[in-house]
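Enquirer: Handing you this structure, nothing more for now.
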Amino acid sequence: MITAERKPFDEIYAMTEGHDKVLVAGCDTCVAVCLTGGEKEAEILAAELRIKAKEDGRDVQIEHTAAIRQCEWEYLDAIAAKVEEYPAVLSMACGIGIQSMAEKFAPKLVLPAVNTNMLGMPQEHAVWLERCGACGECVIGDTAGICPVVRCSKSLMNGPCGGSHDGKCEVTTPEKGDIDCAWALIWDRLKAQGREELMLVNRPPKNWSKSSSGGPRKMVREEAKPV
Amino acid sequence: MSATQYKAGSNLEKILSEGKFAVTGECGPPKSADGTVIEEKAKILKGFVDAVNITDNQTAVVRVCSMASGLQAQQNGLEAIMQMTCRDRNRLAMQADILGASILGIKNILCLTGDHMSFGNHPEAKGVHDLDAINLIKMYKDMRDEKKFQCGDDMDVAPALYIGCAENPFGDPFEFRALRLKKKVEAGADFMQTQCIFNIPKFKKWMEEVRAIGLHKEIKILAGLTPLKGVGAAKYMKNFVPGMDVPQEIVDRMASVEKGPPAQAEGKKLAVEMIKEIAEIEGVAGVHLMAVEWEVAVPEIVEMAGLLPRPAVA
Ligand code: SF4
Ligand code: SF4
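Chains as they are written, first to last, in the numbering used here: chain A, 1 to 227; chain B, 228 to 541.
This is the structure we're talking about:
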C-alpha cells in the first residue's frame, strides 16, 4: 500500500491563510489504512484548523469530506458538488490522489496536507516499513523475496557493503532505530531455501531507465482497452 | 622491456607483481581549496610508501576531489591510488572521470561503494548508487581490456588501469565475506585493501577462508592498519566507525599509557607489532597504512617494521 504522514499542523494551517472557505478532503483507501488521511482524520484536521482559526480571530469556514478513492475519476464525481463550493481544498490523499483532485477540479487550488513517503506494509499495529521502490524491473525472485532496491540503503545488487553489522544496516542510528541490512536478510533466507549460490552471481548494473530515472512512466494495456 | 606485460605499469603493480611486500598509505584531501595540504602530506610519505590512496569524499564529507588531489600527489613524486565511490557519481561520471584520470597519468584506482550520505556533512544529499562496487570494477576492467564502455560502445584508446577494491573482513555476514571478495576477483579486481584490522585472530580466520578458495593467488591482498594516536581514537573507531572491530584489549592497552607522546609511541609500537604479525600470514602481499591525519607517524612505523628502503622498480 501507499503510505503517507500528515504534515506538521503549522505548515497545514499556513496553507489556509488568505482563504475564507477551505475543504479538507480525505481518501478512504491507502491513507485511511495507515491512519493518516481517511474520513476520520479529515474530520479531525478540519476541527483542529477551525479551533486555531477561531483563536486567531479569523472568519473562515472549514469543512471536510472524503472520497472512497481520490486517485480514480469516478470516485471524484461523488464529491464534486461539495468540492465546487470551496475555492481551496486540502487533500489528505497520497500524492496520486492529490494530483487527481487538482486535475479533475483544475484550476481550483488543491494543496497537500500529507507527505507521501513510501510503498510500505504494516509490520505491526501502527508501524509501516518500506518494501518497494517501483523500480520497473523486479529482481526479488533472485533475492529471496527481499527488495535490495529500497531495503538496502545503497540499492546494492551484489551483496552487502562493508557496513553490514550483526544483521543491521550501517545507516542505523539512535534516531532512526535499527534498520535491518537487506543483504543479511537475503543471505539468511537464500540459505534457508538452499539457494545461496545466487549470492555468488555477479549481477550486471541495474537498468534504471525502467525506474523514474527514465522519465515519467506510462502503462498501456492494449488488450484491456474497450473495443 | 621484459616479458612481463603490465596492465597499467604503476609502481604498485610492479612491486606486487614482483612479489615484493608492498606498503601503501592514505591521504585525505582538504576540506577547502587549500593547495598545500596534499603537497605537504606527499612530502612526508614520499619514499616511505609505494603509493598512496587519495580518498573520495571520505565519510561522505566534501573535500577536494580525488582526481585533482591524486594528480597533485603524483606531481610531488608520490604515486596515487585514486578512490572512487558509487555514492556520488553515476556510470557516465565514473567513466568520464576515469578517462580524465588516465590521461593525467593516474593508474591505480580503488573501487568503493562509499559510506552512506547520512554519516557526512550533507545528509540531505541524494545518493546516486547507480552501480555498486562490483559493477564498477567490471566496468573499468571492460574499459581497459575490451576497450568498451559500459553500454557496449567501443573506444579508441583504453585507460591503463590497475584496479583495486576494498573488503571488510569484519563485516557481516562473516561467511559471505570471502565469497564477496571472490565476486570482486571475478569482476576484475587486481588488488584489494582491507578495512582497518585490529582483531588479528579474526583476520587470520578470514584469510583461511580466502586461501581455502584460492583467492590469495588471484588477487594481491594488502592488510589495512591504522596506527592509534591514543585511547580516544581507539574508542572512536570501536564505537562510531561502521564495520570496525576493535577488541577491548587494544582499547585497554592504549588506555594504560599516558596521553600525548607516550600514547603515540605505544600506538606506533602496536602498529609495528601488527605489521610483523600480519606479514607472516600466507597470502598477504602488503600493508595499507591509514594514518588518518597522522601521516607523520608513517615513516617511523615503516622503518621500525624493517620495510625500508622501499623497492625501486624499473
Ligand atoms: S526490485 Fe523493484 S519492483 Fe521489485 S520490490 Fe524492489 S523496487 Fe519493487
Ligand atoms: S549495511 Fe546492508 S542494507 Fe545497509 S547499505 Fe550496506 S548492504 Fe545495504
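The beta carbon of each residue, even a glycine, is placed where N, CA and C say it ideally should be.
In angstroms with no decimal places, state the Cα-to-Cα distance between residue 244 of chain A and residue 88 of chain A.
Expert: Absent from the model: residue 244 of chain A. The displayed extent of chain A is 1 to 227, so no value can be given.
Enquirer: If we count the other Cβ atoms within 10 Å of its Cβ and call it buried at 16 or more, is residue 304 of chain B buried or exposed?
Expert: If you number the second sequence from 1, residue 304 of chain B lands on position 77. Exposed is the call here.
Enquirer: In three-state DSSP terms, what is residue 128 of chain A?
Expert: Here the question's residue 128 of chain A lines up with position 128 in the first sequence. DSSP places residue 128 of chain A in strand when its eight states are reduced to three.
Enquirer: Compute the Euclidean distance between the alpha carbons of residue 350 of chain B and residue 284 of chain B, then round it to the nearest angstrom.
Expert: Here residue 350 of chain B refers to the residue found at position 123 when the second sequence is read from its first residue. Here residue 284 of chain B refers to the residue found at position 57 when the second sequence is read from its first residue. Their Cα atoms are separated by approximately 13 Å.
Enquirer: Any heavy atom of ligand 2 closer than 6 Å to the beta-carbon of residue 345 of chain B?
Expert: Locating residue 345 of chain B in the second sequence gives position 118, counting from the first residue. No, the Cβ of residue 345 of chain B stays beyond 6 Å of every heavy atom of ligand 2.
Enquirer: Between residue 140 of chain A and ligand 1, is there a pair consisting of the residue's CB and a ligand heavy atom that are separated by less than 6 Å?
Expert: To locate residue 140 of chain A, count along the first sequence from 1; it is residue 140. Within the cutoff, so yes.
Enquirer: Note down the Cα distance separating residue 470 of chain B from residue 401 of chain B, rounded to an integer number of angstroms.
Expert: Position 243 of the second sequence, counted from the start, is the residue given in the question as residue 470 of chain B. Position 174 of the second sequence, counted from the start, is the residue given in the question as residue 401 of chain B. Whole-angstrom Cα-Cα distance: 11 Å.
Enquirer: Whole angstroms are fine: how far does the CA of residue 249 of chain B sit from the CA of residue 407 of chain B?
Expert: Taking the second sequence and counting its residues from 1, one reaches residue 407 of chain B at position 180. Taking the second sequence and counting its residues from 1, one reaches residue 249 of chain B at position 22. In a straight line, the C-alpha of residue 407 of chain B is about 23 Å away from that of residue 249 of chain B.
Enquirer: For ligand 1, is there any heavy atom lying closer than 6 Å to the beta carbon of residue 147 of chain A?
Expert: Here the question's residue 147 of chain A lines up with position 147 in the first sequence. Yes, the beta carbon of residue 147 of chain A sits closer than 6 Å to at least one heavy atom of ligand 1.
Enquirer: At a Cβ cut of 8 Å, what residues of the stretch 506-539 of chain B count as close to chain A, listed as they run along the chain?
Expert: Per Cβ criterion, the list is empty.
Enquirer: From the DSSP secondary-structure annotation, give me the bridge partner or partners of residue 117 of chain A.
Expert: The count along the first sequence starts at 1 and reaches residue 117 of chain A at position 117. Note: residue 117 of chain A sits in no beta bridge, so no partner.
Enquirer: Can you list, in chain order, the residues of its chain with a C-beta nearer than 6 Å to that of residue 241 of chain B? Leave out the 5 residues immediately preceding and following it.
Expert: Stepping through the second sequence from its first residue, residue 241 of chain B is reached at position 14. Closer than 6 Å at the Cβ level, and outside the excluded window around residue 241 of chain B, lie 540.
Enquirer: In this structure, how does DSSP classify residue 479 of chain B when only helix, strand and coil are distinguished?
Expert: Within the second sequence, the letter at position 252 stands for residue 479 of chain B. Residue state, collapsed to three classes: helix.
Enquirer: Is the Cβ of residue 161 of chain A closer than 7 Å to any Cβ of chain B?
Expert: Position 161 of the first sequence, counted from the start, is the residue given in the question as residue 161 of chain A. Cβ-Cβ to chain B under 7 Å: yes for residue 161 of chain A.
Enquirer: In angstroms, rounded to a whole number, what distance separates the CA positions of residue 130 of chain A and residue 526 of chain B?
Expert: Taking the first sequence and counting its residues from 1, one reaches residue 130 of chain A at position 130. Taking the second sequence and counting its residues from 1, one reaches residue 526 of chain B at position 299. If I take the Cα positions, the gap works out to 49 Å.
Enquirer: Hey, how far is the Cα of residue 148 of chain A from the Cα of residue 357 of chain B?
Expert: For the purposes of this step, residue 148 of chain A is taken as the residue at position 148 of the first sequence. For the purposes of this step, residue 357 of chain B is taken as the residue at position 130 of the second sequence. Each residue's alpha carbon lies about 13 Å from the other.
Enquirer: Give a yes or no on whether the minimum CB-CB distance between residue 11 of chain A and chain B is below 7 Å.
Expert: The residue labelled residue 11 of chain A in the question sits at position 11 within the first sequence. It does not; no Cβ of chain B falls within 7 Å.
Enquirer: Which class does residue 196 of chain A belong to by DSSP, given the choice of helix, strand or coil?
Expert: Taking the first sequence and counting its residues from 1, one reaches residue 196 of chain A at position 196. If DSSP states are grouped into helix, strand and coil, residue 196 of chain A belongs with the helices.
Enquirer: Is it buried or exposed, residue 483 of chain B, if we count other Cβ atoms within 10 angstroms and call 16 or more buried?
Expert: Translated into positions along the second sequence, residue 483 of chain B becomes position 256. So residue 483 of chain B ends up on the exposed side.
Enquirer: Can you give me the C-alpha to C-alpha distance between residue 433 of chain B and residue 507 of chain B, rounded to a whole angstrom?
Expert: Your numbering for residue 433 of chain B matches position 206 in the second sequence. Your numbering for residue 507 of chain B matches position 280 in the second sequence. Spanning the two alpha carbons is a distance of roughly 15 Å.
Enquirer: Return yes when the C-beta of residue 132 of chain A is under 6 Å from any heavy atom of ligand 1, and no when it is not.
Expert: Taking the first residue of the first sequence as 1, we reach residue 132 of chain A at position 132. Indeed, a heavy atom of ligand 1 lies less than 6 Å from the Cβ.
Enquirer: What residue ranges within the stretch 84-112 of chain A form continuous alpha helix (DSSP H) runs of no fewer than 4 residues, ordered along the chain?
Expert: With a minimum length of 4 residues, the continuous alpha helix (DSSP H) runs that stay inside the stretch 84-112 of chain A are 95-104.
Enquirer: According to DSSP, what are the bridge partners of residue 297 of chain B?
Expert: Here the question's residue 297 of chain B lines up with position 70 in the second sequence. Answer by DSSP bridge pairing: none, since residue 297 of chain B is not bridged.
Enquirer: Please go through the stretch 479-521 of chain B and give each complete alpha helix (DSSP H) segment of 4 or more residues, from N-terminal end onward.
Expert: Runs found: 488-506.
Enquirer: Any heavy atom of ligand 2 closer than 6 Å to the CB of residue 153 of chain A?
Expert: Indexing the first sequence from 1 puts residue 153 of chain A at position 153. Checking the Cβ of residue 153 of chain A against ligand 2 gives yes.
Enquirer: So, are the CB atoms of residue 282 of chain B and residue 310 of chain B less than 7 Å apart?
Expert: As a first step, residue 282 of chain B must be located in the second sequence, where it is residue number 55. As a first step, residue 310 of chain B must be located in the second sequence, where it is residue number 83. Closer than 7 Å, so yes.
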